[in-house]
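Undergrad: Position one of the sequence shown corresponds to residue 66 (my numbering), numbered consecutively onward.
Quick reminder that beta carbons are idealized off the backbone N, C-alpha and C, glycines included.
Every value quoted in this text rests on a predicted model; they were computed, and no experiment measured them.
Just passing along the structure, written as structure tokens.
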Amino acid sequence: MENFLMKRVTKFVPKVNHIVVDLQCRLIWEFGDVQGYRWHELTESRLSLKLVLCRDILATLAALGLEDSHLCGLLFYHLHATLAERARRHPDLYDGLKSEIESTIERAYRILRGDISAPVDLELRYRYLGPDCEKPQQERFSILSI
């Protein structure tokens, strides 16, 4: 589906079209959470695609003045999860990604806290990977294997 979306649909329909954005969101939700596309099964190219899609849609929503919307909260959560997975796979990248990992989970937590549709591990990720966590790097990422 990602090849169809990225190579075919976006040739004929603008990337900010609501249908294209919906398809991009569906890919974001699938990668990491669906059988066959779980975090440990994702290739580096799919992780990179998820990062690009999250950032693109967040930029579109920011341009529309919707930075605090529920959709933004979910996208910040997925951006955080993708960055954390990349840092877990490549510990040498952690220092460069740390501030973005912390800021994205903080934004997601601020928007989605107390929401019944928030991801089930939002609170746990905020405690272990958020800006106030003092745990060592290895212990921080131990929650990702749960």
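Check Gly130 in the structure and name its three-state DSSP category.
TA: Taking the first residue of the sequence shown as 1, we reach residue 130 at position 65. It is coil, neither helix nor strand.
Undergrad: Within 10 Å of its beta-carbon, does Glu204 have 16 or more other beta-carbons around it, so buried, or fewer, so exposed?
TA: Residue numbering aside, residue 204 sits at position 139 when the sequence shown is read from its first letter. Counting Cβ neighbours within 10 Å, Glu204 comes out exposed, since fewer than 16 surround it.
Undergrad: Quick one: residues in its chain with C-beta nearer than 7 Å to the C-beta of Leu158, no 5 flanking neighbours on either side, listed in chain order?
TA: Counting from one through the sequence shown, the residue named residue 158 turns up at place 93. Cβ neighbours of Leu158 beyond the five flanking positions: Arg151, Ala152.
Undergrad: Counting only the same chain and skipping the five closest in sequence on each side, list residues whose C-beta sits under 6 Å from that of Phe52.
TA: No information on residue 52 is available, as it lies outside the stretch 66 to 211 that the chain covers here.
Undergrad: Just to confirm the assignment, what range does the alpha helix (DSSP H) spanning Thr147 have?
TA: Here residue 147 refers to the residue found at position 82 of the sequence shown. Note, Thr147: alpha helix (DSSP H), 135 to 154.
Undergrad: If you reduce the DSSP assignment to three classes, tell me which class Gly97 lands in.
TA: Counted from its first residue, the sequence shown places residue 97 at position 32. Strand, per DSSP.
Undergrad: Using 8 Å as the threshold, is the C-beta distance between Ser134 and Leu126 below it?
TA: Counted from its first residue, the sequence shown places residue 134 at position 69. Counted from its first residue, the sequence shown places residue 126 at position 61. Yes, these two residues count as a Cβ contact at 8 Å.
Undergrad: Return the CA-CA distance between Leu187 and Val74, expressed in angstroms with no decimal places.
TA: Counting from 1 along the sequence shown, the entry for residue 187 is found at position 122. Counting from 1 along the sequence shown, the entry for residue 74 is found at position 9. If you take the alpha carbons of Leu187 and Val74, they lie about 33 Å apart.
Undergrad: Under the DSSP definition of a beta bridge, which residues are partnered with Arg103?
TA: Your numbering for residue 103 matches position 38 in the sequence shown. Gly97.
Undergrad: For Leu116 and Gln89, which I take to be in contact (beta-carbon distance under 8 Å), what is that distance rounded to the nearest angstrom?
TA: Residue numbering aside, residue 116 sits at position 51 when the sequence shown is read from its first letter. Residue numbering aside, residue 89 sits at position 24 when the sequence shown is read from its first letter. Contact doesn't hold; Cβ gap of about 12 Å is too wide.
Undergrad: How many Å lie between Val78 and Ala146 at the Cα?
TA: For the purposes of this step, residue 78 is taken as residue 13 along the sequence shown, with counting starting at 1. For the purposes of this step, residue 146 is taken as residue 81 along the sequence shown, with counting starting at 1. Computed Cα separation, rounded: 29 Å.
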